[in-house]
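Participant:
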Amino acid sequence: MTRKKIGKMKGFRRFLLKQIEDLDPVQLNHIPSGFNNNIIWNLGNMLSAEQTMCYVRAGLPPTIDNNFLSPYLPGTKPERPIDQSEIERIKALLITSLDKLESDLANQIFVNYTPSLMIPKVYGFEVNNIDEAIDYLLYHDGYHSGCILSLKHLV
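Residues in the sequence shown are numbered consecutively from 473, following the numbering used here.
#1: Which same chain residues end up closer than 6 angstroms to Leu623 when comparing Cβ atoms and leaving out the 5 residues on each side of it in sequence?
#2: For the ligand SAH, is there any heavy atom lying closer than 7 angstroms to the beta carbon of Phe582?
#3: Does the Cβ-Cβ distance between Arg475 and Leu566 come in under 8 angstroms?
#4: So, under 8 angstroms CB-CB, Ser520 and Leu541 are touching, yes? Tell me the CB distance rounded to an integer number of Å.
#5: Taking the alpha helix (DSSP H) that Val594 belongs to, which residues open and close that run?
#6: Whole angstroms are fine: how far does the CA of Phe597 sit from the CA of Ile559?
#7: Just to confirm, is the Cβ distance from Gln491 to Leu621 under 8 angstroms?
#8: How would you call Gln556, buried or exposed, if buried means at least 16 neighbouring beta carbons within 10 angstroms?
#9: By a C-beta neighbour count over all protein chains shown, 10 Å radius and 16 as the cutoff for buried, is Leu500 buried or exposed?
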């Protein structure tokens, strides 16, 4: 079942990447008036959430360099324009990180899992294990995709 959910995430992320493929770095970095982030930050946040919810909560190191992820953590906002090479890395990682997650799930490395204390307070449901983390990520990706598609109309 979890493998099927990751397949849905991959399909959805591919759809999202298709929607923004014609945007240039200026558009991806643009923060419209009234907003506090941009399209590329939302994509980076999707990766950051995936790594935090799956790996860090399981007591494992992220599979993506933490220095790369930290600018996209919850509560952050864009501090600098993201260049083309980092944009391409984010786009690629949106799919390849899920390939790695799928492999790691098959290898059952997510034995220990520390439940999130924040998510029940904010969203009203619990995330107690890797399967529930992937359920949450489906929701999270959907939320940020809505943000991205809205921002696309303003750049």
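Don't be surprised by glycine CBs; every beta carbon is placed ideally from N, CA and C.
Facilitator: Here's the rundown:
#1: Here residue 623 is taken as the residue at index 151 of the sequence shown, counted from 1. Answer for Leu623: Ile511, listed in chain order.
#2: The model on display carries no ligand, and the ligand SAH is accordingly not part of it.
#3: Position 3 of the sequence shown, counted from the start, is the residue given in the question as residue 475. Position 94 of the sequence shown, counted from the start, is the residue given in the question as residue 566. Cβ distance not < 8 angstroms, so Arg475 and Leu566 don't count as in contact.
#4: Sequence index remark: in the sequence shown, residue 520 carries index 48 (1-based). Sequence index remark: in the sequence shown, residue 541 carries index 69 (1-based). Sure, about 5 angstroms apart at Cβ, within 8 angstroms.
#5: Locating residue 594 in the sequence shown gives position 122, counting from the first residue. Looking at the DSSP string, the run of the alpha helix (DSSP H) that includes Val594 is Met590 to Tyr595.
#6: Indexing the sequence shown from 1 puts residue 559 at position 87. Indexing the sequence shown from 1 puts residue 597 at position 125. Here the alpha carbons of Phe597 and Ile559 stand approximately 33 angstroms from one another.
#7: Residue mapping note: residue 491 aligns to position 19 of the sequence shown, counting from 1. Residue mapping note: residue 621 aligns to position 149 of the sequence shown, counting from 1. Going by C-beta atoms, Gln491 is nearer than 8 angstroms to Leu621.
#8: In the sequence shown, the residue the question calls residue 556 occupies position 84. That one is exposed.
#9: As a working mapping, residue 500 is identified with position 28 in the sequence shown. With 16 or more neighbouring CB atoms inside 10 Å of its own CB, Leu500 falls in the buried class.
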